[in-house]
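If you read the sequence shown in the working numbering, its first letter stands for residue 174, the second for the next number, and so on.
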Amino acid sequence: MESPLPKVTQGLSKDSARKQKSITKTNRHLKLSKGKFATSTISGSAGGKGKDTATVLQDRMGSTEDSSAVDLESLGTRLDHIVPSAGKTRKKMVKHLCDRKCLGDMADIPEKFKGNNPLLIPLFFGWERHLAKIKPYDTHVVFYRAPCGRRLRNLMELDRYLQELDSQLAIDLFCRDPELRLYNEFNPVKDISYGKENVVILCVNEVDAEQPDNVEYSYQRIPVTWVKLNLDPNFLVCCDCKDNCRVRSKCACQQLTVESSAVNNRGEPIPDAGYLHRRLRKQLLSSGVYECNSRCKCDKRCGNRVAQNGLQNRLQVFKTEK
174 MESPLPKVTQ
184 GLSKDSARKQ
194 KSITKTNRHL
204 KLSKGKFATS
214 TISGSAGGKG
224 KDTATVLQDR
234 MGSTEDSSAV
244 DLESLGTRLD
254 HIVPSAGKTR
264 KKMVKHLCDR
274 KCLGDMADIP
284 EKFKGNNPLL
294 IPLFFGWERH
304 LAKIKPYDTH
314 VVFYRAPCGR
324 RLRNLMELDR
334 YLQELDSQLA
344 IDLFCRDPEL
354 RLYNEFNPVK
364 DISYGKENVV
374 ILCVNEVDAE
384 QPDNVEYSYQ
394 RIPVTWVKLN
404 LDPNFLVCCD
414 CKDNCRVRSK
424 CACQQLTVES
434 SAVNNRGEPI
444 PDAGYLHRRL
454 RKQLLSSGVY
464 ECNSRCKCDK
474 RCGNRVAQNG
484 LQNRLQVFKT
494 EK
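This is the structure:
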């Protein structure tokens, strides 16, 4: 089994080395040694051509369901998307120092595949998504394999890998939910955002065959006439982070979120309030989140830029009886 991201760059700090040792100890505790961490042997030619292992395995496990069931999502059809695999061969993992070449021959610019499922974008650039089973615990986990063959087993390792190699892919393009099927898609009659969002917004009618009305859709806020907004850029607080705001305690914008969280916690600020890997923690933040802005030194890959990036995940609008 490969070492847990042993040498991404030569300049790793002592703290990073200690984290690596901690990860190794955790895996020993889980007995993820040879023969214990069993990945699926499904290949691209064995009934799942072009699909990742996780999706093929899930399709097989779900094949026992009643195929005669009526699909209530009548306003559209289901499609299976295939990631082109022609000319691609998996690289065997060998010990090496990772650099930009590890990301593959094609520049990893996610905008090239705008309109596709965002979670499929890494696979277009040579990444692989695998489903593995931890035998002693009979549970499934998802890990990613980089184009160079390195295995990344959690979001922390993924985030560090993307940072060290200066990848253009953001951390929220990866998902470790073993129940997720990346290739199954409901093809709607029309996109109710009319192409204004990064991904289509599906409309599902489980009640009748009525089509949705035409609506004026806006991905930007439209204040009413009496609302006053301070749009002066000088009004914004900004940070000078050069690592895309990975250290919460040093980011001025994230510290505003921490300070304002005191109203939700009896006057005591919540030290980890805000985003983690672009996911909002399960905590009540009626005070809101202060995201980075145009005056900050970070770029669009910053972990504290979420709402401003628009819709990044698939969304469905359902018609209900009431």
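We put the beta carbon where it would ideally sit given N, CA and C, even for glycine.
Point to revise | Residues of its chain near D281, where Cβ-Cβ distance is below 6 Å and the 5 sequence neighbours each way are ignored | key: The residues are F298, S340, Q341 and L342.
Review point. Excluding the five sequence neighbours on either side, which residues of its own chain have a C-beta within less than 7 Å of the C-beta of S319, listed in chain order?
Key: The amino acid at residue 319 is misidentified as Ser; the sequence shows Ala. For A319, where only same-chain residues beyond five positions count, the Cβ hits under 7 Å are C275, W300, L325 and Y334.
Check your understanding: How is V314 classed by DSSP in three states: helix, strand or coil?
Key -> strand
Review point. Since Q336 is in the alpha helix (DSSP H), which residue starts that stretch and which ends it?
Key: Unbroken alpha helix (DSSP H) run through Q336: L328 to E337.
Check your understanding: Quick one: is T430 buried, meaning 16 or more other Cβ sit within 10 Å of its Cβ, or exposed?
Key -> By the neighbour-count criterion, in which 16 or more other beta carbons inside 10 Å mark a residue as buried, T430 falls on the buried side.
Practice item. Can you tell me the Cβ-Cβ gap for P351 and V380, rounded? I've got them flagged as a contact below 8 Å. Key: About 32 Å separates the two Cβ atoms, so there is no contact after all.
**Study point:** Simplified DSSP state of A305, which is helix, strand or coil
**Key:** Correct three-state label for A305: strand.
Point to revise | Beta-carbon proximity list for Q489, same chain, < 8 Å, skipping 5 on both sides | key: Within its own chain, the residues whose Cβ lies closer than 8 Å to the Cβ of Q489, once the five positions on either side in sequence are excluded, are F359, I374, L375, C376 and V377, listed in chain order.
Practice item. Would you mind listing the beta strand (DSSP E) stretches within the segment 356-428 that are 3+ residues and don't spill past its ends, in chain order? Key: 357-361 and 374-378
Review point. Are the beta-carbon atoms belonging to R439 and V479 less than 8 Å from one another?
Key: no
Point to revise | For S391 and D445, the rounded distance between their alpha carbons | key: 32 Å
**Study point:** Buried or exposed (CB count within 10 angstroms, at least 16 for buried), N417
**Key:** buried
Exercise for review: Find the nearest neighbour of D405 within the set G322, N466, D272 and P295, judged by alpha-carbon distance.
Suggested key: N466
Exercise for review: Name, in chain order, the residues that DSSP records as bridge partners for K492.
Suggested key: Within the DSSP secondary-structure output, K492 pairs in a beta bridge with N378.
Check your understanding: Between E337 and R349, what straight-line distance do the alpha-carbon atoms span, to the nearest angstrom?
Key -> 21 Å
Exercise for review: Count the other C-beta atoms from every protein chain shown that fall within 10 angstroms of the C-beta of E294, then say buried if there are 16 or more, exposed otherwise.
Suggested key: Note that residue 294 corresponds to Ile in the displayed sequence, not to Glu. So I294 ends up on the buried side.
Check your understanding: Between which two residues does the alpha helix (DSSP H) carrying I344 extend?
Key -> First-last for I344: undefined, no H or E at that position.
Check your understanding: At what residues does the alpha helix (DSSP H) containing F297 begin and finish?
Key -> For F297, the enclosing alpha helix (DSSP H) starts and ends at I294 to F297.
Exercise for review: Assign D413 to one of two classes, buried (16 or more other C-beta atoms within 10 Å of its C-beta) or exposed (fewer than that).
Suggested key: Exposed.
Exercise for review: May I have the straight-line CA-CA distance separating L328 from Y367, to the nearest angstrom?
Suggested key: 33 Å
Exercise for review: Please state whether DSSP places R454 in a helix, a strand or coil.
Suggested key: coil
Check your understanding: Which same chain residues, not among the five before or five after D332, have their C-beta less than 7 Å away from its C-beta?
Key -> I344 and H450
Check your understanding: Tell me, which residues are paired with Y448 by DSSP?
Key -> Per DSSP, L453.
Exercise for review: Please go through the same chain and pick out, in chain order, the residues whose beta-carbon is closer than 8 Å to the beta-carbon of V388, but skip the five residues on each side of it.
Suggested key: I365
Practice item. Mark Q427 as exposed unless 16 or more other C-beta atoms lie within 10 angstroms of its C-beta, in which case mark it buried. Key: buried
Practice item. Quickly, what does DSSP pair L276 with across the bridge? List them, please. Key: In the DSSP output, where bridge partners are listed per residue, L276 has none listed.
Review point. In chain order, what residues of the same chain have a beta carbon less than 7 Å from the beta carbon of F408, not counting five sequence neighbours either side?
Key: If the five residues before and after F408 are omitted, its C-beta is found closer than 7 Å to no C-beta atom of its own chain.
Exercise for review: Leaving aside the five residues before and after L346 along the sequence, list all residues of the same chain whose C-beta is less than 6 Å from its C-beta, in chain order.
Suggested key: P291, I294 and P295
Exercise for review: Measure the C-alpha to C-alpha separation of L453 and G447 and round it to an integer number of angstroms.
Suggested key: Approximately 6 Å between the Cα atoms of the pair.
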